[in-house]
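Heads up: the protein sequence lines correspond to chains A and B, in order.
Mapping of the first sequence onto the numbering used here: residues 94 to 478, in sequence order.
Mapping of the second sequence onto the numbering used here: residues 94 to 478, in sequence order.
For each residue, glycine too, the CB sits at the ideal point set by N, CA and C.
Number of protein chains: 2
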Amino acid sequence: MNVVDSIDVEARRRAASILRDVMLRVLDDVIKGRPPKLVIPKRTLSNTIFDPERGILVLGDDVFERNMLDMGETRRFMQTLLMASIVYQALVENEYPTIRDLYYRGKHTISYRDLKGVLREENTWDEQAESDAAIRDIEVATGLLREHMLILSKEKGKVVGNMRIRSGPDVIDLSKLGHGAYAIESTPDLIEFLDVDAEFVLVVEKDAVFQQLHRIGFWRQYKSILVTGAGQPDRATRRFVRRLNEELGLPVYVLTDSDPYGWNIYSVFKVGSITLSYESERLATPKAKFLGVSMTDIFGDTNKKPYLTESERKNFIIKAKERDVKRARELMNYTWFQTPRWKKEINMFLEKKVKLEIEALAGKGLKFLAFQYIPEKIQVRDWID
Amino acid sequence: MNVVDSIDVEARRRAASILRDVMLRVLDDVIKGRPPKLVIPKRTLSNTIFDPERGILVLGDDVFERNMLDMGETRRFMQTLLMASIVYQALVENEYPTIRDLYYRGKHTISYRDLKGVLREENTWDEQAESDAAIRDIEVATGLLREHMLILSKEKGKVVGNMRIRSGPDVIDLSKLGHGAYAIESTPDLIEFLDVDAEFVLVVEKDAVFQQLHRIGFWRQYKSILVTGAGQPDRATRRFVRRLNEELGLPVYVLTDSDPYGWNIYSVFKVGSITLSYESERLATPKAKFLGVSMTDIFGDTNKKPYLTESERKNFIIKAKERDVKRARELMNYTWFQTPRWKKEINMFLEKKVKLEIEALAGKGLKFLAFQYIPEKIQVRDWID
Chain A
94 MNVVDSIDVE ARRRAASILR DVMLRVLDDV IKGRPPKLVI PKRTLSNTIF DPERGILVLG
154 DDVFERNMLD MGETRRFMQT LLMASIVYQA LVENEYPTIR DLYYRGKHTI SYRDLKGVLR
214 EENTWDEQAE SDAAIRDIEV ATGLLREHML ILSKEKGKVV GNMRIRSGPD VIDLSKLGHG
274 AYAIESTPDL IEFLDVDAEF VLVVEKDAVF QQLHRIGFWR QYKSILVTGA GQPDRATRRF
334 VRRLNEELGL PVYVLTDSDP YGWNIYSVFK VGSITLSYES ERLATPKAKF LGVSMTDIFG
394 DTNKKPYLTE SERKNFIIKA KERDVKRARE LMNYTWFQTP RWKKEINMFL EKKVKLEIEA
454 LAGKGLKFLA FQYIPEKIQV RDWID
Chain B
94 MNVVDSIDVE ARRRAASILR DVMLRVLDDV IKGRPPKLVI PKRTLSNTIF DPERGILVLG
154 DDVFERNMLD MGETRRFMQT LLMASIVYQA LVENEYPTIR DLYYRGKHTI SYRDLKGVLR
214 EENTWDEQAE SDAAIRDIEV ATGLLREHML ILSKEKGKVV GNMRIRSGPD VIDLSKLGHG
274 AYAIESTPDL IEFLDVDAEF VLVVEKDAVF QQLHRIGFWR QYKSILVTGA GQPDRATRRF
334 VRRLNEELGL PVYVLTDSDP YGWNIYSVFK VGSITLSYES ERLATPKAKF LGVSMTDIFG
394 DTNKKPYLTE SERKNFIIKA KERDVKRARE LMNYTWFQTP RWKKEINMFL EKKVKLEIEA
454 LAGKGLKFLA FQYIPEKIQV RDWID
């Protein structure tokens with residue numbers, strides 16, 4: 094009835110097989126009379142460590158066992174098994190669930206009699222937080238990301254540029270999209286990179302700036318691939334950028350507002366997010382570089398002329414809010430922000446207590462942003478690593 | 094240097110010419126010794142009326158004159174003129190400004206001596222609210238939407254389906270986008286519709302549900318065009334949908350959550366938004382129909398079996414919040430919600446005080462949603478107009 098996509102069929106087969114193996118091990122425990130358990134790496138802050146060699150956040154070695162016969166764990170154990178069976182069923186039935194509808198798929202009330210024979214009712218889960226946690230348990234227990242299990246989600250990443258890709262049965266030319274762009278799919282691992290004629294990847298924080306650079310022909314002028322995550326990037330955008338870097342060897346430059354919020358977006362692309370560090374191994378791009386806007390772009394430095402004049406500074410810069418200052422102080426504690434160049438950037442921010450939006454540079458003229466500021470910064474290697 | 098797009102060149106020429114004519118009339122006042130003024134339709138709630146014949150919100154006949162010599166209006170008058178000159182300059186210089194960078198482009202401090210000879214300083218504008226208001230003044234004074242003036246903005250609308258379009262120099266086949274989608278451009282009036290082999294347009298509130306329906310091949314199975322505005326739709330998505338309806342004669346069905354927030358999204362597509370009613374003439378799709386999820390889909394009705402079983406209802410429905418009830422009562426006051434069918438829908442909601450997400454239907458199985466619920470509702474014309 095529906096069009097079966099051979100790429101998806103192969104992905105389903107692989108995920109279903111891995112998921113089945115993990116679940117068979119649990120069954121094996123039951124058969125052999127051992128208490129059924131799942132061994133799962135701990136997803137706690139204390140077990141989240143920065144691996145300086147690989148330059149990404151990873152989960153440490155702490156594991157815990159979800160043991161069915163441990164009363165405190167029984168509910169979570171059963172939730173994880175329930176979710177695994179729903180995901181498995183969706184895989185073999187060619188479904189494309191979302192995390193929200195997985196919550197609905199599994200939500201029901203179980204009636205049972207307690208030890209005293211009293212009829213009781215309990216919900217499999219009440220909140221999506223519980224079903225989401227079960228999905229994360231399965232991700233870390235199997236090493237499969239939810240994307241590998243064909244679980245879809247809301248995506249807002251876009252790309253244009255000098256390359257062609259294969260997605261599903263189609264070949265898409267990312268240089269022939271008119272004024273629009275390609276909305277990146279939920280399962281970026283299934284994308285095949287075909288002809289690439291680009292020298293770098295520019296990741297832009299803001300969708301509107303992405304559109305400006307696209308429309309003025311930036312990626313055509315400087316053979317490149319232009320990506321936006323439209324604010325905090327989703328998983329698919331991060332994975333897509335990582336693959337461009339890792340598989341094609343393209344340098345990745347990140348352009349954000351000059352403020353702690355922008356630095357954080359760069360940080361999520363580069364080392365991963367702290368709350369979901371188990372994803373970083375596949376989603377982070379440790380070689381990504383912060384192209385700007387930097388404090389020295391605004392104020393200049395020894396041997397560096399600022400990009401803004403005195404009067405532009407006066408008109409364009411915005412006073413930092415208390416929460417910006419607080420956020421900057423937090424970022425200073427992260428290992429990957431403790432390089433000399435980042436220390437200088439953050440200290441300069443804390444001293445001046447001002448920030449600047451990319452749009453202020455576009456306000457100087459889009460041509461300035463597209464054909465002077467960005468290419469010049471790349472050419473003289475004026476980025477922060 | 095940059096690639097000049099002939100479609101954009103033509104659009105620029107047209108907008109610049111209209112903008113110049115309006116400004117020349119102001120200049121003419123000065124030359125002829127008349128007080129310079131701009132006649133602008135009032136964008137107030139009391140001048141926002143529902144035109145039952147056309148089925149959209151429009152501005153009434155009330156106008157006001159921004160008179161330069163009226164001290165209370167001088168600042169706004171000058172801001173409007175300043176903005177007009179910045180937009181004009183951007184048009185002739187092949188720039189693609191955003192509303193945010195137009196704010197920066199015009200932001201500066203004017204020094205002057207007052208009548209007593211004291212040196213004073215005043216900013217052209219302090220907040221983006223002021224520069225945005227100037228853009229809206231220009232839109233209503235010239236009849237040009239900001240999109241016609243090549244002013245770009247953040248966009249989140251996506252489309253896939255059985256049609257090809259021309260955008261800029263490229264032809265894009267919306268049926269050959271793999272698992273991804275086409276991100277709709279900021280200037281949808283510049284899109285040319287080429288080969289269309291579709292019988293209807295389905296607008297889905299949520300991006301994740303859009304992706305599910307896309308991935309399972311909904312639009313291929315039922316020759317159609319699938320659009321999402323990813324929540325509250327932006328202007329470009331609304332204009333794109335309107336054009337599909339008006340120019341191609343395709344029926345438009347809107348699928349949202351079953352709650353006042355979903356109804357409001359439908360309402361914005363159908364009649365326009367109340368705060369920006371002057372856009373409705375171009376952005377609203379008065380013939381759009383609310384396909385669901387409706388209260389009778391959940392609970393059934395005389396002669397209609399509900400789509401949910403008793404136990405599904407128990408698991409899937411969500412208790413309405415106080416603000417949902419409040420919003421529903423507000424919507425009841427709008428003319429276009431005062432049809433018998435809508436009254437019944439809203440009353441049923443107020444009586445039951447529950448809501449339902451589309452994902453709950455996908456939770457019953459994506460195939461149920463894609464290959465039973467939606468096509469059946471369309472076939473038996475079970476929508477609300």
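By DSSP's criteria, residue i is part of a beta bridge. Which residues make up the other side?
i, result
"Leu448(A)", "The residue asked about is misnamed: residue 448(A) is Lys in this sequence, not Leu. Its beta-bridge partners are Ile411(A)."
"Pro129(B)", "Its beta-bridge partners do not exist; DSSP assigns none."
"Val297(A)", "Thr321(A), Leu348(A)"
"Pro134(B)", "Val156(B)"
"Thr202(A)", "Asn216(A)"
"Leu184(A)", "DSSP output for Leu184(A) lists no bridge partner at all."
Please decide whether residue i counts as near chain B, where near means a Cβ-Cβ distance under 8 Å.
i, result
"His241(A)", "no"
"Arg283(A)", "Before going on, a small fix: residue 283(A) reads as Leu here, not Arg. Judged by the 8 Å Cβ criterion, Leu283(A) is in contact with chain B."
"Lys316(A)", "no"
"Ala453(A)", "yes"
"Ala301(A)", "yes"
"Asp263(A)", "yes"
"Gly322(A)", "no"
"Thr191(A)", "yes"
"Asp194(A)", "yes"
"Arg198(A)", "yes"
"Ala276(A)", "yes"
"Leu459(A)", "yes"
"Gly456(A)", "yes"
Are there 16 or more other CB atoms within 10 angstroms of the CB of residue i, so buried, or fewer, so exposed?
i, result
"Asn255(A)", "buried"
"Thr432(B)", "exposed"
"Leu343(B)", "buried"
"Ala355(A)", "The question names Ala, but residue 355(A) in the sequence shown is Gly. By the neighbour-count rule (16 or more Cβ atoms within 10 Å), Gly355(A) is buried."
"Gly458(A)", "buried"
"Thr428(B)", "exposed"
"Ser204(B)", "exposed"
"Gly324(B)", "exposed"
"Arg474(B)", "exposed"
"Met94(B)", "Legend: pLDDT at Met94(B) = 37, less than 50; position of this residue unreliable, value from coordinates given subsequently. Met94(B) is exposed by the Cβ-count criterion."
"Asp327(A)", "buried"
"Gly393(A)", "exposed"
"Asp101(B)", "buried"
"Met176(B)", "buried"
"Gly365(A)", "buried"
"Met388(A)", "buried"
"Glu232(A)", "buried"
Any beta carbon from chain A within less than 8 Å of residue i's own beta carbon?
i, result
"Lys269(B)", "yes"
"Ser279(B)", "yes"
"Ser304(B)", "Reading off the sequence shown, one finds Gln at residue 304(B), where the question assumed Ser. Taking Cβ atoms only, chain A reaches closer than 8 Å to Gln304(B), which makes this a yes."
"Arg107(B)", "no"
"Gly385(B)", "no"
"Leu150(B)", "no"
"Ile309(B)", "yes"
"Gly210(B)", "no"
Taking Cβ-Cβ distances shorter than 8 Å, what residues in chain E pair up with residue i?
i, result
"Ser260(B)", "This model lacks chain E altogether, as its protein chains are A and B."
Quick one: measure Cβ to Cβ for residue i and residue j, integer angstroms, because I've assumed they're closer than 8 Å.
i, j, result
"Ala222(B)", "Leu131(B)", "Incorrect: roughly 19 Å between the Cβ atoms, too far for contact."
"Phe333(A)", "Val252(A)", "7 Å"
"Thr321(B)", "Asp300(B)", "5 Å"
"Leu195(A)", "Ala108(A)", "Contact flag wrong, Cβ pair sits at about 14 Å."
"Val151(B)", "Ser360(B)", "Contact doesn't hold; Cβ gap of about 15 Å is too wide."
"Tyr181(A)", "Arg113(A)", "7 Å"
"Ile277(B)", "Thr330(B)", "6 Å"
"Phe286(A)", "Glu340(A)", "6 Å"
"Ser370(B)", "Thr173(B)", "About 19 Å separates the two Cβ atoms, so there is no contact after all."
Beta carbon of residue i: closer than 7 Å to some heavy atom of the ligand FAD?
i, result
"Leu319(B)", "The ligand FAD is absent from the structure shown, which contains no ligands of any kind."
Inset, instruction - Report the residues of the region 391–416 of chain A with a CB closer than 8 Å to any CB of chain B, ordered along the chain. - result: Answer in chain order: Ser404, Lys407, Asn408, Phe409.
Legend entry - Residues, ordered as in the chain, of the region 355–371 of chain B that lie near chain A by beta-carbon distance below 9 Å: Under the 9 Å Cβ criterion, the region 355–371 of chain B contributes no residue.
Legend entry - chain B contacts made by the region 162–188 of chain A, where a contact means CB separation under 9 Å: Those residues of the region 162–188 of chain A placed with their C-beta closer than 9 Å to a C-beta in chain B are Ala183, Glu186, Asn187, Glu188, ordered along the chain.
Inset, instruction - Could you please tell me which residues of the region 223–253 of chain A, in chain order, have their CB closer than 7 Å to any CB of chain B? - result: Going along the region 223–253 of chain A in chain order, one finds Leu245, Ser246, Lys247, Glu248, Lys249, Lys251 with a Cβ nearer than 7 Å to chain B.
Inset, instruction - Could you name the residues of the region 107–137 of chain A whose beta carbon sits closer than 8 Å to any beta carbon of chain B, in the order they occur along the chain? - result: The residues in question: there are none.
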